[in-house]
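Each remark here refers to the structure printed beneath this line.
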Amino acid sequence: MSVSIDDVRHIASLARVGVNDEQAAQLTSELNGILQHMDVLSRVNTDGVEEAIGVGARGLPARADHGPPIALERSTDAFAPSIRDGFFLVPRLASHESSGEA
Amino acid sequence: MSASARELRDAIIGGQASARSHVEEALAVARGAESGTRPLNIFITLPADDARCDADEIVEHTNDTEPGLLLGVPVAIKDNIATLSMPTTCGSRILDGYISPYEATAITKLRAAGAVLFGKTNMDEFGMGSSTEHSAFGPTRNPNAPDRVPGGSSGGSAAAVAAGIVRIALGSETGGSVRQPAAFCGVVGVKPTYGRVSRFGLVAFASSLDHIGVFGRTVDDAARGLTAISGFDKRDSTSAELRVPTFIDSASESVKGMVIGRPREYFPESLNPRITAACDAALERLREQGAEIRDVSLPHTSLAIPTYYIIAPAEASSNLARFDGVRYGLRMQGDGLRAMYEATRSHGFGAEVTRRILLGTYVLSAGYYDAYYRKAQQVRSLIARDFSKVFASGVDVLLTPTTPSPAFGIGAISDPYEMYLADIFTVTANLAGVPAMSQPIGTVDGLPIGGQLIAAHFEEAKMFRAAFALERALHGVDQ
Amino acid sequence: MSATSDWEMVVGLEVHVQLRTRTKAFCSCSAEFGAPPNVNTCPVCLALPGALPVLNAKAVELATRAALALDCTVNPVSVFARKNYFYPDLPKGYQISQFDKPLATGGHIDIGTRSDGASIRIGVTRVHMEEDAGKSVHDRFDRVSAIDLNRSGVPLVEIVSEPDMRSAEQAGAYLRVLKQLLEYTDVSDVSMEEGSLRVDANISIRRRGETALGTKTELKNLNSFSGVERALKVEFARQVAVVSGGGSIQQQTMMWDERAEEVRPSRTKEGSHDYRYFPEPDLPPLVLAVDWIDHVREELPELPVARSQRYADEYQLNEYDREVLTASPHIADYFEAVARPHGDAKNAANWVMGEVLARLKATKETIGTFRVRPADLAQLLDLVRDGVVSHTAGKQIFARMSETGDPPAQIAERDGLLQVGDDAQLIGWLDEVIAEMPDEAARLRAGEKRLTGVLIGAAMRKSGGRADPRKLNQLLNARLGS
Ligand SMILES: [Mg+2]
Ligand SMILES: [Zn+2]
Numbered sequence: 063m064s065v066s067i068d069d070v071r072h073i074a075s076l077a078r079v080g081v082n083d084e085q086a087a088q089l090t091s092e093l094n095g096i097l098q099h100m101d102v103l104s105r106v107n108t109d110g111v112e113e114a115i116g117v118g119a120r121g122l123p124a125r126a127d128h129g130p131p132i133a134l135e136r137s138t139d140a141f142a143p144s145i146r147d148g149f150f151l152v153p154r155l156a157s158h159e160s161s162g163e164a
Numbered sequence: 003m004s005a006s007a008r009e010l011r012d013a014i015i016g017g018q019a020s021a022r023s024h025v026e027e028a029l030a031v032a033r034g035a036e037s038g039t040r041p042l043n044i045f046i047t048l049p050a051d052d053a054r055c056d057a058d059e060i061v062e063h064t065n066d067t068e069p070g071l072l073l074g075v076p077v078a079i080k081d082n083i084a085t086l087s088m089p090t091t092c093g094s095r096i097l098d099g100y101i102s103p104y105e106a107t108a109i110t111k112l113r114a115a116g117a118v119l120f121g122k123t124n125m126d127e128f129g130m131g132s133s134t135e136h137s138a139f140g141p142t143r144n145p146n147a148p149d150r151v152p153g154g155s156s157g158g159s160a161a162a163v164a165a166g167i168v169r170i171a172l173g174s175e176t177g178g179s180v181r182q183p184a185a186f187c188g189v190v191g192v193k194p195t196y197g198r199v200s201r202f203g204l205v206a207f208a209s210s211l212d213h214i215g216v217f218g219r220t221v222d223d224a225a226r227g228l229t230a231i232s233g234f235d236k237r238d239s240t241s242a243e244l245r246v247p248t249f250i251d252s253a254s255e256s257v258k259g260m261v262i263g264r265p266r267e268y269f270p271e272s273l274n275p276r277i278t279a280a281c282d283a284a285l286e287r288l289r290e291q292g293a294e295i296r297d298v299s300l301p302h303t304s305l306a307i308p309t310y311y312i313i314a315p316a317e318a319s320s321n322l323a324r325f326d327g328v329r330y331g332l333r334m335q336g337d338g339l340r341a342m343y344e345a346t347r348s349h350g351f352g353a354e355v356t357r358r359i360l361l362g363t364y365v366l367s368a369g370y371y372d373a374y375y376r377k378a379q380q381v382r383s384l385i386a387r388d389f390s391k392v393f394a395s396g397v398d399v400l401l402t403p404t405t406p407s408p409a410f411g412i413g414a415i416s417d418p419y420e421m422y423l424a425d426i427f428t429v430t431a432n433l434a435g436v437p438a439m440s441q442p443i444g445t446v447d448g449l450p451i452g453g454q455l456i457a458a459h460f461e462e463a464k465m466f467r468a469a470f471a472l473e474r475a476l477h478g479v480d481q
Numbered sequence: 237m238s239a240t241s242d243w244e245m246v247v248g249l250e251v252h253v254q255l256r257t258r259t260k261a262f263c264s265c266s267a268e269f270g271a272p273p274n275v276n277t278c279p280v281c282l283a284l285p286g287a288l289p290v291l292n293a294k295a296v297e298l299a300t301r302a303a304l305a306l307d308c309t310v311n312p313v314s315v316f317a318r319k320n321y322f323y324p325d326l327p328k329g330y331q332i333s334q335f336d337k338p339l340a341t342g343g344h345i346d347i348g349t350r351s352d353g354a355s356i357r358i359g360v361t362r363v364h365m366e367e368d369a370g371k372s373v374h375d376r377f378d379r380v381s382a383i384d385l386n387r388s389g390v391p392l393v394e395i396v397s398e399p400d401m402r403s404a405e406q407a408g409a410y411l412r413v414l415k416q417l418l419e420y421t422d423v424s425d426v427s428m429e430e431g432s433l434r435v436d437a438n439i440s441i442r443r444r445g446e447t448a449l450g451t452k453t454e455l456k457n458l459n460s461f462s463g464v465e466r467a468l469k470v471e472f473a474r475q476v477a478v479v480s481g482g483g484s485i486q487q488q489t490m491m492w493d494e495r496a497e498e499v500r501p502s503r504t505k506e507g508s509h510d511y512r513y514f515p516e517p518d519l520p521p522l523v524l525a526v527d528w529i530d531h532v533r534e535e536l537p538e539l540p541v542a543r544s545q546r547y548a549d550e551y552q553l554n555e556y557d558r559e560v561l562t563a564s565p566h567i568a569d570y571f572e573a574v575a576r577p578h579g580d581a582k583n584a585a586n587w588v589m590g591e592v593l594a595r596l597k598a599t600k601e602t603i604g605t606f607r608v609r610p611a612d613l614a615q616l617l618d619l620v621r622d623g624v625v626s627h628t629a630g631k632q633i634f635a636r637m638s639e640t641g642d643p644p645a646q647i648a649e650r651d652g653l654l655q656v657g658d659d660a661q662l663i664g665w666l667d668e669v670i671a672e673m674p675d676e677a678a679r680l681r682a683g684e685k686r687l688t689g690v691l692i693g694a695a696m697r698k699s700g701g702r703a704d705p706r707k708l709n710q711l712l713n714a715r716l717g718s
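Chains as they are written, first to last, in the numbering used here: chain A, 63 to 164; chain B, 3 to 481; chain C, 237 to 718.
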């Protein structure tokens, strides 16, 4: 499989990383250079092999339904780039704009 | 000065020294390392006065009935582990100046053991690199050869120990970022079993591969540091609820009757013959002490790098999505939300991080998941199975080279994939989640090289038993 | 052009339900609504660097209960997955959800019976756990949107139906039955107003008799059950118009505009969504012991169908009464708490469905806060049955009870509403009436029976409504013998 410059622009937009044409071209050749080394995997027979999910885990521990939460030693005002009346502020977006659903 | 962490601690308990005097000495050595024409650039943050204050508080504990394992010992911290008193930048512009409002579990445990937090060390941005050249705060130099890299991504922590500033430093690794720089810098570096040390507060690169690890000047330093930070943590759902042995006790156990495996895939024809020779010499030392050396095979080893460089970037692309300029860290203005995101992230992330985010986004994206991510997770099972089989066959510990070469020159490797190959012998342990460590076993062209020991899940004690024996045989370090 | 009658709609629903937990799904922050912005947040739900999720056991139990109430198979092993997309109210840049290994699959809901008596069964494809996002406020400040993460990480179940519904009415019925089941199992507050229940609808059309599925659109911004029904009708008409006009349906998201009663394509670019799901590496697979699942199943409360059946067997209530009384578990509990001590279930049913529900409707109270406790109502019904108070007085007493909450006997005593059956007293009133109305009395004695009512009425008035009308009648006949 090889990556086109349009693939790169698409994934860059998915990843919200701004790339100019020069970078896109550069990244296209770099990714293809890397991905060619991955093709070896396609030749490995993995029929009936489980995916490695939760390696070594003995089930999922769960917590009791009560507080207190982990404390913040500094308030959001101490680290938020833009905050007013306790809200984080971002450039205005029209409601429903490119929102995923819950 | 060659004192180990144990000696620093004993000096405090014995009253010959204080935590404060240890800190002053470390500060003096650090000043030396950062002065001159080629400063090593080891620390991103080193607040001398904070360290002094912390040290002065230790005094109260010097008469505790059970003094902490690290009482009064200065410990340097990789800058991707959350600390309250110092910034946590991950070597990235996107977190420049960010101070965590909570503390990592490993840090809480370190302080409980009496350690003095001594600065935050330089690293490849978000742990993505094998040379500590990919830091927004400039490259770190190798104390043994300042024109060479210290390895990475925990290069700052490895160099801090190699330069004699601290005896113990915390690092982290996803594909070898503790063991590889340990080898390049000629110190001991250990990565525990996945789940042995809580990841809570370790800024994630690839969650299923990330580990906090420990550097030491000696095996005892590393074992001591690891004992202090290990243990179950209810804040990390992948942490293991098992009792933790005191790893320094392995020093007193001999390797008589132990079976040490020599996996042939780690000794390819192409390997530098002096590295092969150093490993075989180490094996011989262990055999002399009563260990049995056995030739073994881990057949899927050659698939480790491609597998790793699919899984790690995939998880990274998701883990690094939170750096969006909304709640903390860097925000670049842009016309509208998307422009703000793209400006913040393209300006905030360096080239290697951007490369891996895009690689990871690609292998997870519609139409490619099965061919890349699912396939890689299956191959990962095969690699893990190789290890289980070997250990089930009666092998206690494996011995391999840590790296295919000694430290390379700063700027010497420009091709990304060639850089990835620096991890060729270390990624397997991260993929399988088994404990592994590197320790100095000799030099090539005057540059240190490391020997790697690998054990089965939660068998760190066995691994340390071999490490202590090897250290005694090679360096006459008496325990 | 073809008439809409040639077409049928094919509808599937995705319902998000907030689980009733004290704390969030993956951190210990309070899950309550109404706190000041970003007060209920911590390193985990703010997605601070290095923070990790830890699953809330209560959320698993509630989700499992919901799945079992929908007759789903709960999978002993399910896997959390990351759904990756950027949005300012999604702090991690991904939502922890479940994807190819959900909590439960293969359930169904019966929403009614066909003319032939067969039940209308809607398939439930899957029930999976996930976390809610935060809230984006767009109109509070100018030129910026405001992000509140108090809701970020609150536990949800997503309940996905099969495309089995063929009309807006069926969709409405599905939602009402679903809401009822979730209330019975006490899984959620299920309030669309508070956003603890949210509905998205997938709708396509096809010619009647066809079996293939057409291109679907997704309806969002549905704020009430009736809104869902109206939106489906509008979108159905739109699709039919497009297709019969020779056009074709674009797969896209449509926003329902409640006020304008119309649907509009949302700004979302389709295909711009590529969620890159993969197993959540911070959470090992969720393993549920089979006997734990069985235990949760055994602990399920009696569900509406079973309860209605029991009302038929135990109380011989007709279908209408059973439907009204079992609509809400709280009303049903109240009814039983009246019927049991009182004994006469039909009478209890009439009072609860009449007086009680009317009163709640009028005062907008809920049965939970209603002043008249069931035991007191049962007592009142006893008093009426035993003739201690008249039926009319009973209604007056009930009215006072629902204001004061006092016990009925006390009220009857205090307000002198106890029925008078004492002969001397009654005869006294009759004599006065006969004396005041000699002419009517004479004509009644002469056999003009219809005057009985007039004289009894007058005597009742003298008694202030307390006289026992039956006895009064007997005594009047005895008096003016005939
Ligand atoms: Mg959902
Ligand atoms: Zn929280």
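In this text, a Cβ means the ideal position worked out from N, Cα and C, and glycines have one as well.
Alpha-carbon to alpha-carbon, residue j and residue i
| i | j | result |
| --- | --- | --- |
| residue 248 of chain B | residue 71 of chain B | 10 Å |
| residue 84 of chain B | residue 400 of chain C | 51 Å |
| residue 430 of chain B | residue 140 of chain B | 29 Å |
| residue 569 of chain C | residue 575 of chain C | 10 Å |
| residue 51 of chain B | residue 370 of chain B | 52 Å |
| residue 113 of chain A | residue 409 of chain B | 35 Å |
| residue 155 of chain B | residue 517 of chain C | 21 Å |
| residue 715 of chain C | residue 687 of chain C | 14 Å |
| residue 190 of chain C | residue 364 of chain C | This structure leaves residue 190 of chain C out entirely; chain C is present only between 237 and 718. |
Start and end residues, alpha helix (DSSP H) containing residue i
| i | result |
| --- | --- |
| residue 175 of chain B | No alpha helix (DSSP H) contains residue 175 of chain B, which is instead part of the beta strand (DSSP E) from 170-175. |
| residue 549 of chain C | 540-551 |
| residue 736 of chain C | Nothing about residue 736 of chain C can be read from this structure; chain C reaches only from 237 to 718. |
| residue 361 of chain C | Note, residue 361 of chain C: premise wrong, no alpha helix (DSSP H); beta strand (DSSP E) at 355-367. |
| residue 465 of chain B | 462-477 |
| residue 182 of chain B | 181-187 |
| residue 365 of chain B | 353-366 |
| residue 562 of chain C | 555-562 |
| residue 252 of chain C | Element bounds for residue 252 of chain C: not the alpha helix (DSSP H) but the beta strand (DSSP E), 243-254. |
Other residues of its chain near residue i: CB distance less than 6 Å, five sequence neighbours each side excluded
| i | result |
| --- | --- |
| residue 708 of chain C | 662, 692 and 695 |
| residue 355 of chain B | 127, 128 and 130 |
| residue 544 of chain C | 558 and 562 |
| residue 400 of chain B | 263, 265 and 456 |
Spatial neighbours of residue i in its chain, beta-carbon cut-off 8 Å, leaving aside the 5 residues before and after
| i | result |
| --- | --- |
| residue 602 of chain C | 566 and 596 |
| residue 304 of chain B | 267 |
| residue 74 of chain A | 80, 81, 86 and 89 |
First and last residue of the uninterrupted beta strand (DSSP E) at residue i
| i | result |
| --- | --- |
| residue 572 of chain C | First-last for residue 572 of chain C: 565-578, but that is the alpha helix (DSSP H), not the beta strand (DSSP E). |
Chain-order list of residues whose beta-carbon lies under 7 Å from that of residue i (same chain, five-residue window excluded)
| i | result |
| --- | --- |
| residue 172 of chain B | 77, 79, 80, 83, 108, 159, 214 and 216 |
- Sequence ranges, beta strand (DSSP E) only - wholly within the stretch 317-357 of chain B, length at least 3: Fully contained in the stretch 317-357 of chain B is no beta strand (DSSP E) run of length 3 or more.
- Item | Contact set, ligand 2 heavy atom to C-beta under 6 Å | Going along the chain, the residues that qualify are A:131, C:260, C:263, C:265, C:277, C:278, C:280, C:281 and C:389.
- Item | Those runs of the alpha helix (DSSP H) which lie wholly inside the stretch 384-466 of chain C and span at least 4 residues | The stretch 384-466 of chain C contains these whole alpha helix (DSSP H) runs: 404-420.
- Task: For the stretch 408-471 of chain B, list the alpha helix (DSSP H) runs that are entirely contained and at least 4 residues long, ordered along the chain.
- Result: Unbroken alpha helix (DSSP H) runs of no fewer than 4 residues, entirely contained in the stretch 408-471 of chain B, are found at 418-422 and 429-434, following chain order.
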